[in-house]
Structure formats: structure tokens, C-alpha cells
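Asker: Order-wise, the sequence lines are chains A and B.
Take any residue in the first sequence, count from 1 to its spot, add 53: that is its number in our numbering.
Take any residue in the second sequence, count from 1 to its spot, add 2: that is its number in our numbering.
All C-beta atoms, glycine included, are put in the ideal place defined by N, C-alpha and C.
None of these values were measured; they are calculated from a predicted model.
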Amino acid sequence: MLDPSDIITRALNRTERLNASYADTRVVRIVEETLSTKNGVVEGMSRSESLGFGVRVLKNGGWGYPASAELTPAEVDRVCALACKIAVASGRLKERAVRLAPTLRVIGTYSTPVEKDPFLIPWEDRLELLVMLNEETARTKGVTTATAHLGFRRENSHFGSSEGSRIEQTIVHSGAGISATAMGSSRREMGQRTYPSSQDGQYEARGYELIEHLRLAENAGRVGEEAVALLRAKEAPAGELTIILDAPQVSLQVHESIGHPLELDRVFGAEANFSGTSFATVDQLNKLRYTSEIVNVQADATFPGGLGTFGFDDEGVPAQRIDLIREGILVGYLSSRETASLIGRKSSGAMRADGWQNIPLIRMTNTNLLPGNKSTEELIAGTDEGLFLSGTTSWSIDDRRENFEFGCEVGWMIHKGKLGEMVKNPTYSGSTVAFWNSCDAIAQAKDWRIWGTPNSGKGQPGQTARVGQGASPARFRNVKVGSS
Amino acid sequence: MLDKKKATSILEKALSFSKAEQTEVLLREQDFSLTRFAENVIHQNLSYHDHTVMIRVVQNKRTGIATVNMLDEGSLESAVQSAELMASLQQPDESFVSLPRPLPIPRLSGRFVSATARSSPEYRGERIREVVRLCQKGQAKASGAFQTQSEVVAVGNSLGVRAYFPSTDAQFSVTVKGPAGQSGWAQGVSGDVKKVDINALATRALQKALAGKDPVRLEAGKYTVILEEAAVAHLLLFLGFLGFGAKTLAEGRSFMKDKIGQKIASDQITIVDDALDPRTEGMPFDYEGVPKRRVPLIEQGIARGVVYDSYYANKMKTASTGHALPADNKFGPYPKNLIFSGGKSSYDDLIGSTERGILVTHLWYVNFANPMKTMVTGTTRDGTFLIERGKVTRAVKDMRFSQSILEALSNVEMMTKELKLCPQYGARLLVPTMKVHDFEFVEGEE
Chain A
54 MLDPSDIITR ALNRTERLNA SYADTRVVRI VEETLSTKNG VVEGMSRSES LGFGVRVLKN
114 GGWGYPASAE LTPAEVDRVC ALACKIAVAS GRLKERAVRL APTLRVIGTY STPVEKDPFL
174 IPWEDRLELL VMLNEETART KGVTTATAHL GFRRENSHFG SSEGSRIEQT IVHSGAGISA
234 TAMGSSRREM GQRTYPSSQD GQYEARGYEL IEHLRLAENA GRVGEEAVAL LRAKEAPAGE
294 LTIILDAPQV SLQVHESIGH PLELDRVFGA EANFSGTSFA TVDQLNKLRY TSEIVNVQAD
354 ATFPGGLGTF GFDDEGVPAQ RIDLIREGIL VGYLSSRETA SLIGRKSSGA MRADGWQNIP
414 LIRMTNTNLL PGNKSTEELI AGTDEGLFLS GTTSWSIDDR RENFEFGCEV GWMIHKGKLG
474 EMVKNPTYSG STVAFWNSCD AIAQAKDWRI WGTPNSGKGQ PGQTARVGQG ASPARFRNVK
534 VGSS
Chain B
3 MLDKKKATSI LEKALSFSKA EQTEVLLREQ DFSLTRFAEN VIHQNLSYHD HTVMIRVVQN
63 KRTGIATVNM LDEGSLESAV QSAELMASLQ QPDESFVSLP RPLPIPRLSG RFVSATARSS
123 PEYRGERIRE VVRLCQKGQA KASGAFQTQS EVVAVGNSLG VRAYFPSTDA QFSVTVKGPA
183 GQSGWAQGVS GDVKKVDINA LATRALQKAL AGKDPVRLEA GKYTVILEEA AVAHLLLFLG
243 FLGFGAKTLA EGRSFMKDKI GQKIASDQIT IVDDALDPRT EGMPFDYEGV PKRRVPLIEQ
303 GIARGVVYDS YYANKMKTAS TGHALPADNK FGPYPKNLIF SGGKSSYDDL IGSTERGILV
363 THLWYVNFAN PMKTMVTGTT RDGTFLIERG KVTRAVKDMR FSQSILEALS NVEMMTKELK
423 LCPQYGARLL VPTMKVHDFE FVEGEE
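1) For Thr392(A), which option in Asp353(A), Ala352(A), Ala323(A) has the closest C-alpha, if you only look at C-alpha atoms?
2) Given Thr320(B), which residues of its chain have a CB within under 7 Å of its CB, disregarding the five upstream and five downstream residues?
3) Identify each residue in the segment 323 to 354 of chain B for which the Cβ-Cβ distance to at least one residue of chain A is less than 7 Å, and report them in chain order.
4) Give me, in chain order, the residues of the same chain whose beta-carbon lies closer than 8 Å to that of Glu288(A); leave out the 5 immediate sequence neighbours on both sides.
5) Assign His468(A) to buried or exposed, taking buried as 16 or more other Cβ atoms, counted over all protein chains shown, within 10 Å of its Cβ.
6) Quick one: using the 10 Å Cβ neighbour count with 16 as the cut-off for buried, is Gly162(B) buried or exposed?
7) For Arg131(A), report the span of its alpha helix (DSSP H) as first-last.
8) Which same chain residues, not among the five before or five after Val134(B), have their C-beta less than 6 Å away from its C-beta?
9) Give, in chain order, every residue of the segment 93 to 104 of chain A whose Cβ lies closer than 9 Å to some Cβ of chain B.
10) Hey, does Ser143(A) have any beta-carbon neighbour from chain B nearer than 7 Å?
11) In whole angstroms, what is the alpha-carbon distance linking Ala201(A) and Leu180(A)?
12) Answer yes or no: does any C-beta atom of chain B fall closer than 7 Å to that of Met243(A)?
13) Among Thr170(B), Gln83(B), His325(B), Val70(B), which has the Cα closest to the Cα of Arg113(B)?
14) Which class does Val167(A) belong to by DSSP, given the choice of helix, strand or coil?
15) Within 10 angstroms of its Cβ, does Phe457(A) collect 16 or more other Cβ (buried), or is it exposed?
16) Could you spell out the range, first to last residue, of the alpha helix (DSSP H) harbouring Gly274(A)?
17) If I follow the unbroken alpha helix (DSSP H) through Asp171(B), where does it start and stop?
18) Considering only the alpha carbon of each residue, which of Gly76(B), Ala81(B), Phe39(B), Gly334(B) lies closest to Leu28(B)?
19) Nearest-angstrom Cα distance between Val234(B) and Leu110(B)?
20) Measuring straight from C-alpha to C-alpha, what distance separates Val129(A) and Arg30(B)?
21) Using beta-carbon positions only, say whether Leu422(A) and Ala496(A) come within less than 7 Å of one another.
22) Which two residues bound the contiguous beta strand (DSSP E) that contains Ala154(A)?
23) Measuring CB to CB, does Val370(A) end up less than 7 Å from Gly402(A)?
24) With distances taken from CA atoms, which of Thr418(B), Asp440(B), Ile67(B) is nearest Leu432(B)?
25) How close, in whole Å, do the beta carbons of Lys332(B) and Gly97(A) come, if the pair is a contact with beta carbons under 8 Å?
26) Might you give, ordered along the chain, the residues of its own chain that have their beta carbon closer than 6 Å to the beta carbon of Asn316(B), omitting 5 neighbours on each side?
27) If you measure between the beta carbons of Glu231(B) and Gln32(B), is that distance less than 7 Å?
28) Out of Gln270(B), Tyr336(B), Pro293(B), state which residue places its alpha-carbon closest to the alpha-carbon of Gln426(B).
29) Can Leu36(B) and Gln149(B) be called in contact, C-beta distance under 7 Å?
30) Report yes if the C-beta distance between Phe263(A) and Ile231(A) is below 7 Å; otherwise report no.
31) To the nearest whole angstrom, what separates the beta carbons of Trp501(A) and Ala524(A), a pair I think is in contact under 8 Å?
32) Check each residue of the segment 381 to 409 of chain B: if its Cβ is closer than 7 Å to any Cβ of chain A, include it; give the result in chain order.
33) For the alpha helix (DSSP H) that contains Ala488(A), what are its first and last residues?
34) In the DSSP assignment, find the unbroken alpha helix (DSSP H) run with Gly451(B) in it and report its ends.
35) Which of helix, strand or coil does DSSP assign to Pro434(B)?
36) Measure from the alpha carbon of Cys461(A) to the alpha carbon of each residue in Ser251(A), Ile61(A), Gly195(A), Ala120(A), then state which is nearest.
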């Protein structure tokens, strides 16, 4: 078996001899460990490891990307030949020459800063934690199911390009979450609460120290209590109301209605057959009032601890921070070297592949809604009649990223600036630009954190990206609400 | 691809490293290729070869799972040791009884088609160029994906199970955008790449795109809908997640709970899972090596049963139906080869019988809105049309729906006799086009 450096050298030499105009090679090893418990019993406990390499080639104006789990010289040669063959086949149906926006030639390394290597934490300790969390969550009579899970991932990658870049990175992700479910006596009603967020818990680019900081045990009892309380709550009202979304819910909104529509490949139609297109076409750059002017959104792959944080993307472009929305105006996109060149910009460093098997696609990094200047309490106090929404049960948005409907775990009515009664099955819906233009308050930095979405889907074949969204609670006026 | 002898030797080697009471080895090998195109240009073109070995060990009712994609002895042994370590750390799961014992596996032939396995980037590229030429004549742009795959699945366990199955699969989907921006879509699947009629699919998508000019906006409300096969398949997939598996039943989440033997849908509705029916192009055993059985799920509207893997079969004191997913899944047993019995009508009969309704090509971003009520939300996409007095009259802007799936199945008026095989996230669903009344749309596109 060849080592990564030898694979890269061999592949780049080979593709050069085969007259590729550009080539890059990635060798990736991924290790994942997950543990989940339900009502004190292990529901899943597994470790997986995957190693392979891929060669991306541009030849005759077309792209080719084969990959393999066999790390032998003969296989590298076979894959290189196949890469050129695929690229030539692609090049027979092209519209224009592929131009790559320039990037620095980089010789570098990057590693996620980790205080405690999660892979060195004994399984027994992890299991003890989850069983304890189940017990705490299930303390409240009426909780039928208490779950807890942990997940750890380490990706070690080596990258080399025909432009001379050589990069090695080690990215570590850790995450955990808990949930409580209470079933009604008729079994046709269910109350469910999760913590820290409904997106499989909270994940960050950190070590086991994240798990210790999440305050899971302190929140476990509350999660159980609220799940049971939901069974007694009345249905959420229908109509038009001011809503305040808690930070995880804002994070999901940012992901679905800002991050995805601003993937430039989607804008240019690359995802038309599956993930869809975008309403935020390039003719609207620097013109579209995407949001109210208090809203500022950045894509930031340098932000410490974000799931979308790295040193270099999968084209070897250094991680960076760019503005996507500035004072409400669309000013930027997530891009690759190829798509950036089409709008006369440099790449925003957003090309990321799910494993070695897959071709890099433009994905979110950390899409951060910058904090505002009011506390969450002030947002509530400034709301005469409204609904405070927390947790996610359901989300759906159309293929142009405009019309959406989100369902939440729980709501609390707001009357005259104070939180009131709990309501169940709340939903809210709207159209992206109108919704974001109704945002009139964003909570301050004290209430802000970076949230992780470990399961963002896109592409054919389907790829999963781990991305971050920075968010604090935010208020939106005159939003259509209902009950599922 | 690994032949049976080589695959079996890998299973045996991995099993030989285990000291546990019971051990299972699942080996999967894939050769996958996909040529993707957007707006008449091939923009992504990829291929990968991978193999994974999943080891499950059981010791004193404690289970550990490890997966590796390296086939050398050192990696296999290390994976076994990881699984044994994890198993040793747990409390016993008293519901666990045993891994399955060997049972005769039905022979299914014709599921590995050489033409599919040999499909080249040039072949896929040429077929796509034909599609593009067709669309260019209509001043339209085509986007889509053409994928081919060869796969080997082999399962063995320490109780003597040995199963091996090679198969191929080809899928083509296309979204055509017409000159005014409206779109149409079509999809086909077969184990034999030559049986995926790409030109017919592209023609259909193009016709829908060209017919989609000047769409009107409809108000929210309940409508009669004609759901084409892909839309029916999407809803059926979600119904499967909500309640056709024994895990959802055991946990009280399934709509089948306390309903077995009772009417839950129109008496026109019969849904079975049958991987051995050649039309579903299934695998004859599940990921535990248990032979697949035909399972009636709903018969003439009456809830009949769910599918089981060995764990839930033992827990609920019945027999496995051969519907286990790979051991590290959280879903539990799941039906991957659903057959929806059709009706007696033709597609034109459904349209012709509709005074006013909406014709839906396929659905997008369907998600659970209220699982206990089988309520889902999502939008229509790529070919939504108004039917008036028995004719398709004009295009409609896409709409969001919020609908209970079981309620929709209770409101079925007619179905086509003809069924179509639709792929949905690894499952295969053989379904009709369906006419349903009182399907609820909550919002139309602006």
C-alpha cells in the first residue's frame, strides 16, 4: 500500500504525462465512533474507518473524478487513466472553456485545535455519561423514551495539485445530544424535546471538551419536563403573528434560506436536477435587498470551532471569511475556482467533498448571522403579541429556496412582552426574502454561538456535509403561523 | 467485482478472528459511476470503487459493531477486536435472542447485467448528447444524472449463514427547462442499462417543460389530484418510514399500532413488500442473510402487518421476514421493495374523469409535519398542471401541500392498471398513477 504522499506524486506525474491541463489528488482517511442509548440501553455503538483516494482531472475542457479504496501503484495508474478518459468524455459536451480563478500555491498543514482527543476517551466513560443522561431525562413521570448520543469524527486528508500545492489536514468533530419523548394515552399524540438542538445534537470542530461544555446533565431534566408538558399544551394558534425564533431555529433558517441559495453552482443551475436552483441570481448581486438592513451574514471557514472550519478547501484554497449579506444587501456567494471566475471574483474556498469517493461540491462553511445589540429578554419585552419558537420537528423549502414551512417542537405565547402559556405543534411559513425583510431584531453576542449541522445534503450521488451556522435568537414580524 | 469464492473467503477470514459467542460479517463492494449534466453541459463525471466490511459481534447479549473498508487481514482482525471491545462494555440487551440461523435462499437470476457493469463514460456521454440535441431542438436546456452501478453483497455469520448476491443498477433522471423557464422531469431505473429508455424519458420531460408556459397561481385549498408514479412513490416511501417496520410498531410510533386487522385506507389499496417479484429487482436476502419473504402490509385497505428483522422478530415473538438493514442503522427493519397494486384504469381515464384537478409530476422536500397523523408537507415540482373538464389545460405554479398520507389513501378514486418502478433513496417502489380527492394545498408559489 502506498503512503499518501507517494500516491499524490505518482498521480500527478501520471496525469501530467496523460496531458491533463489540471489535476489534483486527495487521499482521505475517516474514522468515526458513535454511541447512542435509549432508556438506559445501548441502541447503537459502532466504529467505522474508511480510506481511499480520488484524482480530479481537467482535460479537453471536461472534468473527470474517479476514486478507489485500493492504494496500490497499479490502481493509481488505472484511476489516472480513467480520470483522463472520463474528462475527455465530459469535454465532448461543453459550452465554454473551464477557467479556474487563481489561487495561491500552498505547502501547508492544518489541524483542528483539540484539548481532549475524543478518540482517547474510554468507551466506558462515554457510556456512563449517556446512561446518566437517560436517567435524568426520564425523571419526569410520563417520559416514555429518553435518548442520548455521542459522535466523533476525524478526517485526515492529503491534497496535492498540479499547480504545486501540497496540504495535509486533520479535522476533528465532536457532538452530543439528548431527547425526550412523551406519548399521549391515546398514542396519537406525542411531545418531543431535544437539547442542545434538534439537528442530531450540537456538533463542533472541537474535542471532547465540547461535550463537557454543553451542560447536558443540567438540561436533561428540563427536556423531559417539557416533553410531558407538551401533551397538556393547547395547539398553536393559526394566523399572522410576530415570532421570535430561538438560536438553533435561526441557525436552521440561515442554513436553508441563506446558505443553500447562495451556493454559486446552484445559482448557475448545477443542481437543477436534484437540490434545485436559487432565486438569488447573479444579476441581483449588490442589488437584491435579501434581508432587512440589520441583518449581516458572513461565510467564515476560519471561525474557531465551526463544523465548517478548516485550513484549506478541497481545491487547496485557503479558508477565508467573506460577506454574503451586508446590511441587507446580497454581496457575495459561496464559490469554487471555476464558478468564481464566471463572476470575476476569486474563489471563496467553499469546495468540500464528502469523503474520498466524492467529487468536491460548493458547500457551506460556517454561515454566520452576525449578532445584534439587544438581549433575548429585550426581544421578548418588545413584542406585544407573539410566539417564541424552539426546536425543530420538520422543515421543508421549495426547489428555488423561496417558499418554506418549518415545524417546531414547542412554542410559548408572548403577551404584552412576557412569555406565557406553552403551545404544541407550532409551524411557521413564508417566502425567504419577505421573511428575512421582516427581521427587526437580532439578539446580542452574549446569546450567540456557532451551531452545527452534521447532515446537510446535496448532489448526485448524494453527499453529506458538516456545516456551521452562527446565530442568536431573532424576531420576525407578521409571519404566518399554524399548527401541524 | 468479487466472485463468490473470493467474497466467501473474506467472510470466513473475518469470522475466524472472532472469539465472540456470535459474529456476523457483511461485505459490500461497489463499482459506481455517474455522469451529471446541467444546462446541456456535462459538469460532473465521477466513478468510485469501494468495499466495506461490517462486523457485528454478540457476547452475552451485548453487541458491538465495527466497519472498515480495507480487506487485508490486519484490518479485518482490528475491526473484529474493536467490535469485541465495544460489546464487552455494555449492559446486556435482554431483548436480544440470537443472530439468524441459515435458511435456504431463493435463487434470483438476471440481476447482474454485463451491459450495465461495462457501461463506460463514453456510453453515458453519448446518451446524454442525444438528450441535449433533442432539447436544443425545443430551445430547452437539460440537466440530469445518468448512473450505473455494480454491487456485490455477501453475508456470513457464525451460525452458518452464507449468502452472496451480485447485482447491477442503472438510473437516469432529467429535468428540462423550457425557453420561458418552466420545467419538466422524468426518471427511469433498471438493472439493465439498455432497458432505461433515455430518449423516451427526455421526450416526456421536454413535453412537460414546453407545456409549462404561463403558469397560473391557484389558491390554497383541497383539490382532486392526479399523482404520477414518482409522487406516489415518494409518499409511499414516507409511509414506510412512519409505520411499515417493526421497530416503529414496537415503540408505539407506527400508525399500524392497534390497527392490525382494521381498515386504514380505501379498499382499493393493497401494498405488499416483495423483493422476489422480478419487477422490483430486489435482493433475495436481507443484510443478515435471511431470505426475503413477501409481506402484505395493507390488503384492500386493511392493515395486515409490518416487516421484521431478527431482533424485532425475536422481541415480538414472530419470525424475521428478511427485512434487516445493515446492523448500524437506527431505522430498524424497512421494506425496500414495495408493490402498490394498481387499479383498472388507464392514465387517460384518470385525466378524462377529472372535472377539475391538479396533475402532479413529482414532489420535493417532503418532510414529516406530524408523524402520529402521517402528516407530511412538501411541494410539487417540475410539471404541475390544471385539469379542467377532463383535459390538461394549463400549467400551474408549484404549490405546497400539507396532507395526511393515510387520509390520501382513503380518498383514492382511481388508479392506473400500469405500474412503474421508481427508485427512492435505495428502495424500489412499483406504483400506479393515482387520482385522489381532497388533497390539501396550503400555499401557491408567488
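Answerer: Answer, in terms of the structure:
1) The option with the nearest alpha carbon to Thr392(A) is Ala323(A).
2) The residues are Tyr310.
3) Residues of the segment 323 to 354 of chain B with a C-beta less than 7 Å from any C-beta of chain A: Asp330, Lys332, listed in chain order.
4) Non-local beta-carbon contacts of Glu288(A) in its own chain, meaning distances under 8 Å to residues more than five positions away in sequence, involve Val476, Lys477, Asn478, Ser536 in chain order.
5) Exposed, by the Cβ-count rule.
6) Counting every other CB atom within 10 Å of its CB across the protein chains shown gives Gly162(B) a total below 16, marking it as exposed.
7) Per DSSP, the unbroken alpha helix (DSSP H) holding Arg131(A) starts and ends at 126 to 144.
8) Result list for Val134(B): Asn42, Ala144, in chain order.
9) Listed in sequence order: Gly93, Val94, Val95, Glu96, Gly97, Met98, Ser99, Arg100, Ser101, Glu102, Ser103, Leu104.
10) Proximity of Ser143(A) to chain B, defined by a Cβ-Cβ separation below 7 Å, is satisfied.
11) Approximately 10 Å, taken between the alpha carbons.
12) The beta-carbon of Met243(A) is placed less than 7 Å from the nearest beta-carbon of chain B.
13) The shortest Cα separation from Arg113(B) among Thr170(B), Gln83(B), His325(B), Val70(B) belongs to Thr170(B).
14) It is coil, neither helix nor strand.
15) With 16 or more other CB atoms across the displayed protein chains lying within 10 angstroms of its CB, Phe457(A) is buried.
16) Taken as a continuous stretch (DSSP letters only), the alpha helix (DSSP H) holding Gly274(A) covers 269 to 285.
17) Per DSSP, Asp171(B) is not a residue of any alpha helix (DSSP H); the beta strand (DSSP E) it occupies stretches across 164 to 179.
18) Closest by alpha carbon: Ala81(B).
19) For Val234(B) and Leu110(B), the distance between alpha carbons rounds to 27 Å.
20) For Val129(A) and Arg30(B), the distance between alpha carbons rounds to 22 Å.
21) Result no, Cβ atoms of Leu422(A) and Ala496(A) do not sit closer than 7 Å.
22) No beta strand (DSSP E) holds Ala154(A); DSSP gives it neither H nor E.
23) The Cβ atoms of Val370(A) and Gly402(A) lie closer than 7 Å to each other.
24) Of Thr418(B), Asp440(B), Ile67(B), the smallest CA-CA separation from Leu432(B) is found for Thr418(B).
25) For a cut-off of 8 Å, the C-beta gap from Lys332(B) to Gly97(A) is around 6 Å, short enough to register as a contact.
26) Excluding the 5 residues flanking it on each side, Asn316(B) has same chain C-beta neighbours closer than 6 Å at Val99, in chain order.
27) The answer is no: Cβ separation not under 7 Å.
28) Taking only the C-alpha atoms, the option nearest Gln426(B) is Tyr336(B).
29) By the CB criterion at 7 Å, Leu36(B) and Gln149(B) fall inside the cutoff.
30) According to the sequence shown, residue 263(A) is Leu rather than Phe. When the beta-carbon positions are compared, Leu263(A) and Ile231(A) stay at least 7 Å from each other.
31) About 7 Å separates the two Cβ atoms, so the contact holds.
32) Answer in chain order: Thr381, Arg383, Asp400, Arg402.
33) First, the residue type needs correcting, since residue 488(A) is Phe and not Ala in the sequence shown. Run containing Phe488(A): 485 to 490, per the alpha helix (DSSP H) assignment.
34) Because residue 451(B) is not part of the residues shown, which for chain B are 3 to 448, the question remains open.
35) Three-state result, Pro434(B): coil.
36) Ranking the options by Cα distance to Cys461(A), first place goes to Ser251(A).
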